[in-house]
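Line by line, the protein sequences are chains E and W. Numbering-wise (our numbering), the first sequence opens with residue 1 and increments by one. Numbering-wise (our numbering), the second sequence opens with residue 1 and increments by one. Built from N, CA and C at the ideal position, the CB exists for glycine as well.
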Amino acid sequence: MISLAGRDILHAWGKFIFTGMGLGLLIGVTLSMAGIYRGMVDDAEVLLDNSGADLWVVQQGTLGPYAESSSLYDDSYRGILGMAGVADAANITYLTMQVRRSNETASADVRAMVVGITPDAPGHPGQPGFLVAGRHITRSHYEAVADIATGFALGDRIRIRRNEYDVVGLTRRMVSSGGDPMIFIPLKDAQEAQFLKDNDAILRQRARTAQNRELNRPGVPGLLDAVITSQSTNPYVNAVLVQIEPGANPDAVAEPIRRWKRLGVHTKAGMREILVAKLIATSARQIAMFLVILAVVSAAIVAFIIYTLTMGKIREIAVLKLIGTRNRTIAAMILQQAVGLGLIGFVVGKIAATFWAPVFPKYVLLEPGDAMRGFVIVVVICVLASLVAIRAALKVDPAEAIGG
Amino acid sequence: MDSDSGDKWSRKAPITDQRMDLKQSLGGIHIEGLKKRYGQGDTAVDALKDVHMSVGPGEVVGLVGPSGSGKSTLLKCLGAIIEPSAGRMTLGRDLIYDGGWRISDLRALRRDKIGFVFQAPYLIPFLDVTDNVALLPMLAGKPNSAAREQAMALLQALDVAHRAKAMPSQLSGGEQQRVAIARGLVNRPPVILADEPTAPLDSERALAVIRILNQMARQFDTAIIVVTHDEKIIPTFKRIYHIRDGVTYEEAGEGRGFD
Ligand SMILES: Nc1ncnc2c1ncn2[C@@H]1O[C@H](COP(=O)(O)OP(=O)(O)O)[C@@H](O)[C@H]1O
Ligand SMILES: [Mg+2]
């Protein structure tokens with residue numbers, strides 16, 4: 001027996017390839033949507049892994065530092081270092097902002113996450129890991145290590161708030177949970193960038209302090225200066241990243257810090273939960289919604305095309321029935337055509353998605369598992385869509401071939 | 001019936017059981033007292049009222065009648081496409097209908113015992129000429145190569161073997177009809193039903209088609225019924241059945257066939 005479906009596809013291959021391409025682009029979009037979601041999850045995982053931390057110590061009662069704002073004193077880490085099970089602890093600040101080269105205008109802005117780290121301390125938590133070029137930050141001011149995705153190169157001068165920084169090293173795939181590339185700068189500079197007020201605000205604050213009778217008592221010399229000095233320091237960080245000793249239980253180490261230091265502590269599992277389940281939850285639902293609509297649209301298109309193709313063959317189907325073709329054979333022909341169309345669509349979609357994924361500004365992760373699931377869904381949709389056409393074909397009366 | 005035609009169209013006498021058995025053992029088509037009623041009650045239409053027909057193996061007969069007289073209904077009953085209401089039908093050596101179907105797989109009956117040739121060729125547009133013809137033996141379970149050999153033999157007999165690899169759309173009307181005849185014949189059915197097979201053809205080609213049907217009938221001992229209005233071919237039949245208001249009348253035709 002020959003394949004009736006195959007022959008029909010070969011005969012009308014132009015029609016099939018054309019509609020298969022259209023369907024394929026739709027499937028490509030669907031795979032890309034799934035890839036965008038996977039990319040978001042992967043960005044979050046990469047952020048957690050690259051931080052090198054086991055525990056995130058944050059302001060009490062917050063989900064910081066990525067999902068909510070958090071600030072704690074920058075000397076908290078000393079006390080934490082002394083806790084049982086803690087191997088290492090490091091201050092860190094995170095601030096997402098627009099960054100550009102010193103000699104460029106605002107249109108050349110790059111959205112980046114500026115990370116404040118202790119200089120000359122590679123290997124500690126929060127430090128950039130592997131450098132693809134250059135060296136780590138060694139000075140306490142005005143040096144930066146940038147992710148390659150920022151587009152900055154070694155030797156570039158970049159401006160962050162009021163200061164300019166030399167790019168001395170480059171990393172790869174160091175991104176925020178939102179997919180923005182990271183720029184590492186010395187902690188002191190980062191604290192200033194995040195917490196220091198502008199000059200006018202500082203002047204105004206000094207004036208207000210000076211007018212305050214409580215703080216500017218005539219009989220107490222030096223008080224006003226002391227108050228102003230304390231107001232103009234910025235002893236805050238967003239989090240302390242903690243590495244625990246090998247074999248230690250993260251929850252067991254976290255609990256005393258919570259209780260005795262009165263700080264919030266998140267384990268890696270808890271942090272993943274925050275990033276994946278909470279931070280990108282709305283985006284994930286958005287994408288899921290899109291996927292559902294795309295599936296429905298694809299199903300409608302396949303159903304419509306297969307139905308139209310089948311209706312165009314009613315006469316032939318009546319003849320096939322008249323000369324003794326079994327319903328099973330006719331149903332199989334239509335089913336195979338629908339699945340064939342789905343196969344063409346899937347191949348086109350997979351290729352299209354693979355080609356355009358790198359062009360997306362954010363990371364698009366095309367997982368083989370998603371492709372497999374997508375394939376199964378495409379086949380299921382094609383089978384369901386062909387049912388309408390099969391029903392119509394089986395209703396055809398072989399007497400139609402003879403006519404009145 | 002008017003007296004003018006009374007002598008010409010003699011009412012077919014009921015065949016005695018003895019004669020019937022003799023004829024049946026030889027194959028062919030035998031119909032006795034066939035009735036077909038469409039619908040029920042007030043709207044019922046008696047399309048076939050009393051049909052008697054007998055076509056021997058190797059014989060080609062014409063079935064002629066005005067529009068609405070029941071020709072297509074008769075072919076559909078014979079072709080096991082619709083169920084008659086009463087009567088008896090024998091195809092080849094099998095009694096297929098006797099007040100009810102005597103055969104369970106009508107589809108297989110159509111595939112193996114009956115060849116159809118329609119007014120339009122209705123070839124399958126996505127199969128080439130060979131496979132259009134070979135499809136039937138393939139459907140019956142023959143291996144592809146054997147089915148194609150069988151098809152080629154017929155295409156040769158019908159003089160279209162040189163177009164074996166062509167698609168139907170590339171053929172002329174006459175070639176298409178010959179391929180359709182090859183398809184009707186390929187399973188060597190004991191019976192061929194042709195509904196206006198020459199309607200789309202000019203008289204030369206129409207006669208050629210009838211000549212082919214006669215040849216095939218003799219070569220394969222096939223009983224062939226040709227429904228037609230075609231004045232060009234009516235004179236070729238040795239025997240003609242007229243049908244009027246669902247009743248058949250037999251007439252000796254003027255044709256000598258093609259012997
Ligand atoms: N499916 C049907 N339902 C009801 N009446 C029908 C149907 N098919 C045919 N008829 C009627 O049966 C009669 C014979 O029709 P038909 O066999 O098509 O005649 P012919 O082929 O000789 O023109 C006509 O009166 C026609 O209206
Ligand atoms: Mg008719």
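Residue-level contact to chain W via CB, residue i, 8 angstroms cutoff
i          : result
Arg-328(E) : no
Val-396(E) : no
Leu-25(E)  : no
Gly-14(E)  : no
Leu-341(E) : no
Leu-322(E) : yes
Ile-399(E) : Reading the sequence as shown, one finds Ala at residue 399(E) and not Ile. For Ala-399(E), the answer is yes, since a Cβ of chain W falls inside 8 angstroms of its Cβ.
Val-319(E) : yes
Residue i: contacting residues in chain W (beta-carbon distance under 8 angstroms)
i          : result
Leu-170(E) : Ordered by position in chain W, no residue passes the 8 angstroms Cβ test against Leu-170(E), which lies about 59 angstroms from the chain.
Met-311(E) : Those do not exist, as Met-311(E) stays about 15 angstroms from chain W at its closest Cβ, beyond 8 angstroms.
Cutoff 8 angstroms: residue i Cβ touching any chain E Cβ
i          : result
Leu-74(W)  : no
Ile-124(W) : yes
Ala-182(W) : no
Met-1(W)   : Any answer about Met-1(W) is weak, because its pLDDT of 39 lies below 50 and its placement is not dependable; what the coordinates show is given next. Cβ-Cβ to chain E under 8 angstroms: no for Met-1(W).
Ala-108(W) : yes
Ile-81(W)  : yes
Phe-116(W) : yes
Arg-111(W) : yes
Residues that residue i contacts on chain E, provided the C-beta gap is smaller than 7 angstroms
i          : result
Phe-220(W) : Near Phe-220(W) there are no residues of chain E at all, since even the closest Cβ is about 17 angstroms away, more than 7 angstroms.
Leu-127(W) : Arg-7
Arg-244(W) : Going along chain E, no residue has its Cβ under 7 angstroms from Arg-244(W), so there is no contact; the nearest lies around 17 angstroms.
Exposed unless 16 or more other CB atoms sit within 10 angstroms - verdict on residue i
i          : result
Thr-282(E) : exposed
Arg-110(W) : buried
Tyr-38(W)  : exposed
Trp-56(E)  : buried
Arg-102(W) : exposed
Leu-201(W) : buried
Val-71(E)  : The residue asked about is misnamed: residue 71(E) is Ser in this sequence, not Val. Classification of Ser-71(E): buried, given that the 10 Å Cβ count is 16 or more.
Thr-308(E) : exposed
Gln-191(E) : buried
Asn-199(E) : exposed
Phe-355(E) : exposed
Glu-175(W) : buried
Gly-65(W)  : buried
Asn-238(E) : buried
Glu-59(W)  : buried
Gly-28(W)  : buried
Asp-74(E)  : buried
Start and end residues, alpha helix (DSSP H) containing residue i
i          : result
Asp-225(E) : 223–231
Gly-416(E) : The displayed coordinates of chain E run from 1 to 404. Any statement about residue 416(E) would go beyond what the structure contains.
Ile-71(W)  : Residue identity check: residue 71(W) is Lys in the sequence provided, not Ile. 71–78 is the extent of the alpha helix (DSSP H) around Lys-71(W).
Leu-4(E)   : 4–11
Val-220(E) : Here Val-220(E) belongs to no alpha helix (DSSP H), and DSSP marks it neither H nor E.
Thr-209(E) : 199–211
Glu-175(W) : 173–185
Met-152(W) : 144–157
7 angstroms Cβ cut-off: residues of chain W touching residue i
i          : result
Thr-325(E) : Leu-139
Ile-2(E)   : Asp-131, Met-138, Asn-144
Residue i: contacting residues in chain E (beta-carbon distance under 9 angstroms)
i          : result
Ile-224(W) : Within chain E, no residue comes near Ile-224(W); the closest Cβ sits about 16 angstroms away, beyond 9 angstroms.
Residue range of the unbroken beta strand (DSSP E) whose run includes residue i
i          : result
Arg-157(E) : 157–160
Lys-362(E) : Segment: none, Lys-362(E) is in no beta strand (DSSP E) and carries neither H nor E.
Chain W residues whose Cβ lies nearer than 9 angstroms to that of residue i
i          : result
Glu-316(E) : Tyr-122, Leu-123, Ile-124, Pro-125, Phe-126
Count the CB pairs spanning the stretch 165–176 of chain E and the stretch 132–147 of chain E that are closer than 8 angstroms, and state whether there are at least three. Contact between the stretch 165–176 of chain E and the stretch 132–147 of chain E is present, because at least three Cβ pairs lie under 8 angstroms.
For the stretch 173–192 of chain W against the stretch 133–142 of chain W, do three or more pairs of beta-carbon atoms, one drawn from each stretch, fall closer than 8 angstroms, so that the two count as touching? Contact between the stretch 173–192 of chain W and the stretch 133–142 of chain W is established, with three or more Cβ pairs separated by less than 8 angstroms.
Meets three-Cβ-pair contact criterion under 8 angstroms: the stretch 43–57 of chain E and the stretch 126–134 of chain E: Because the criterion of three Cβ pairs below 8 angstroms is met, the stretch 43–57 of chain E and the stretch 126–134 of chain E touch.
Determine, using beta-carbon pairs with one atom in the stretch 204–212 of chain W and one in the stretch 33–49 of chain W, whether at least three such pairs fall under 8 angstroms. Result no; under three Cβ-Cβ pairs closer than 8 angstroms.
For the stretch 296–306 of chain E against the stretch 20–37 of chain E, are there 3 or more C-beta pairs whose distance is under 8 angstroms? Contact holds: three or more Cβ-Cβ distances are below 8 angstroms.
Three or more beta-carbon pairs under 8 angstroms between the stretch 191–201 of chain W and the stretch 213–224 of chain W, yes or no? With a cut-off of 8 angstroms, the stretch 213–224 of chain W and the stretch 191–201 of chain W count as touching, because enough Cβ pairs lie within range.
Do the stretch 379–391 of chain E and the stretch 331–348 of chain E make contact, defined as three or more Cβ pairs closer than 8 angstroms? Segments in contact, yes.
Validate contact between the stretch 358–373 of chain E and the stretch 287–294 of chain E using beta carbons, cut 8 angstroms, 3 pairs: Touching, no, given that fewer than three Cβ pairs across the two stretches are closer than 8 angstroms.
Per the contact definition of three or more C-beta pairs closer than 8 angstroms, is the stretch 33–50 of chain E in contact with the stretch 213–220 of chain E? Contact between the stretch 213–220 of chain E and the stretch 33–50 of chain E is absent, with fewer than three C-beta pairs closer than 8 angstroms.
Is it the case that the stretch 112–122 of chain E contacts the stretch 173–191 of chain E, given that we only count it when at least three CB pairs across the two stretches are under 8 angstroms? With a cut-off of 8 angstroms, the stretch 112–122 of chain E and the stretch 173–191 of chain E count as touching, because enough Cβ pairs lie within range.
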